[in-house]
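Undergrad: First the structure, then my questions, so here it is.
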Amino acid sequence: MTRPQWIIKKDWLHERVRAVGRCINEAHGGGELTVVPVLTGALIFSGDLMHWIEDVSVRVQLAQAASYEREVPGDLKVDLSQVDRRHVTGKNVLIVDDILDTGRTMHELAGRIGSMNPASLRIAVLLRKRARHDPDCPVEPDYVGFEIPDLFVVGYGLDVDGLHRHWSYIGVWGQHLERNEHEQIVSDIQRQLGQPPQTALA
Ligand code: 5GP
Ligand code: MG
């Protein structure tokens, strides 16, 4: 089996997910929260994240977004058929996704969930690639795990042709980074561990 170059270690993922979870826990402590994981990419992140939202009564409502075909984004398909409006309208809602790339998926999702009139709507993404952001799809996530450069990444929920989502770390797929470039990316990721995951405070 091919092993890609890692850019985010397992321990760093755990540390950051815990920090994001603690912020969400503080924001909603004592109250209720409807968490909407965007499958399949958010499978691992949302599960780990919810462990840290301990003081909140959490309800899970699953959304499904079509997966991306390698580096070529396919048609956008967002399925909210499993989301019960009763748990969205008038409720505090948090959408959780693996990665904000062009922003098209999240723009569509947040628009559709927003139209169900939640009391509040927040967005948590594990990764964000600012380089590919589509200006026609403005999205401002409230919590960001790591900002990464424009690389195709795999692991911790992110797949390549449906495979490797279970990897405990995040690696680069389909390209080899030279040593200097790799070191630069890794040190930038490490630096982000020391910063707040709440974008409003960053
Ligand atoms: P967007 O609509 O923001 O362009 O894309 C979001 C979706 O594309 C993500 O939820 C994810 O499923 C997929 N995606 C974007 N970038 C990557 C990547 O680097 N690796 C993988 N595996 N999926 C990605
Ligand atoms: Mg996704």
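Just so we're aligned: the sequence shown equals residues 0 to 201 in numbering that gives the first Met the number 0. Heads up, the beta-carbon is just placed ideally off N, CA and C, and yes, glycines get one too.
Could you tell me the boundaries of the beta strand (DSSP E) in which valine 249 lies?
TA: No answer is possible for residue 249: it lies beyond the span of the chain, which begins at 0 and ends at 201.
Undergrad: Near valine 57, which residues of its chain fall below 7 Å by C-beta distance, leaving aside the five closest residues on each side in sequence?
TA: What you label residue 57 is simply residue 58 of the sequence shown in a count that begins at 1. Correct list, in chain order: Leu32, Val34, Met49.
Undergrad: Evaluate the contact criterion for the region 140-153 versus the region 122-131: three or more CB pairs, one atom per stretch, below 8 Å.
TA: Verdict: yes, contact present.
Undergrad: Look up serine 186 in the DSSP assignment and say whether it is helix, strand or coil.
TA: The residue given as residue 186 occupies position 187 in the sequence shown. Three-state DSSP puts serine 186 in a helix.
Undergrad: Report the start-end ranges of each beta strand (DSSP E) in the region 107-178 that is 3 residues or longer and not cut off at the edges.
TA: 119-127, 142-146, 169-171
Undergrad: Just tell me which of Ile6, Trp5, Ala18 has its CA closest to the CA of proline 195.
TA: Start at 1 with the first residue of the sequence shown, and residue 195 comes out as number 196. Comparing Cα positions, the closest option is Ala18.
Undergrad: Quick one: what's glutamine 63 bridged to in DSSP?
TA: On the sequence shown, residue 63 is found 64 positions in, with the first residue counted as 1. Under the DSSP definition of a beta bridge, glutamine 63 partners with Leu38, Asp78.
Undergrad: Taking C-beta to C-beta, are valine 95 and isoleucine 112 nearer than 8 Å?
TA: Position 96 of the sequence shown, counted from the first residue, corresponds to residue 95. Position 113 of the sequence shown, counted from the first residue, corresponds to residue 112. No, they are not a contact pair.
Undergrad: Taking just the CA atoms, how far does glutamine 81 sit from isoleucine 169?
TA: Here residue 169 refers to the residue found at position 170 of the sequence shown. Here residue 81 refers to the residue found at position 82 of the sequence shown. Going by the C-alpha atoms only, they are around 29 Å apart.
Undergrad: Take every Cβ of the region 162-180, pair it with every Cβ of the region 5-16, and state whether three or more of those distances are shorter than 8 Å.
TA: yes
Undergrad: Under 6 Å Cβ to Cβ from histidine 106, same chain only, skipping five residues before and after it: list those, please.
TA: Taking the first residue of the sequence shown as 1, we reach residue 106 at position 107. Contacts found: Cys136, Val138.
Undergrad: Where do the N-terminal and C-terminal ends of the beta strand (DSSP E) with leucine 99 fall, by residue?
TA: Taking the first residue of the sequence shown as position 1, residue 99 is located at position 100. Judged by DSSP secondary structure, leucine 99 falls within the beta strand (DSSP E) whose first and last residues are 91-99.
Undergrad: Considering Cα atoms alone, identify which of Ile98, Gly28, Leu120 is closest to threonine 88.
TA: What you label residue 88 is simply residue 89 of the sequence shown in a count that begins at 1. Threonine 88 has its Cα closest to that of Leu120, out of Ile98, Gly28, Leu120.
Undergrad: For a test of your reading of the model: does the CB of threonine 104 fall under 7 Å from any non-hydrogen atom of the ligand MG? Yes or no.
TA: Position 105 of the sequence shown, counting from 1, holds the residue named residue 104. Yes, the Cβ of threonine 104 comes within 7 Å of a heavy atom of the ligand MG.
Undergrad: Here's a check: name, in chain order, each residue in its chain whose Cβ is nearer than 6 Å to the Cβ of valine 77, leaving out the five neighbours to either side.
TA: Mapped onto the sequence shown, residue 77 falls at position 78. Correct list, in chain order: Ala64, Glu107, Leu108.
Undergrad: Rounded to the nearest angstrom, what separates arginine 69 and glycine 154 at their Cα positions?
TA: Position 70 of the sequence shown, counted from the start, is the residue given in the question as residue 69. Position 155 of the sequence shown, counted from the start, is the residue given in the question as residue 154. Low per-residue confidence applies at arginine 69: pLDDT is 47, beneath 50, and the placement is therefore not dependable, though the value from the model is reported in the following sentence. About 14 Å.
Undergrad: Verify the contact flag: isoleucine 98, CB atom, against every heavy atom of the ligand 5GP, threshold strictly below 7 Å.
TA: In the sequence shown, the residue the question calls residue 98 occupies position 99. Under cutoff, so the answer is yes.
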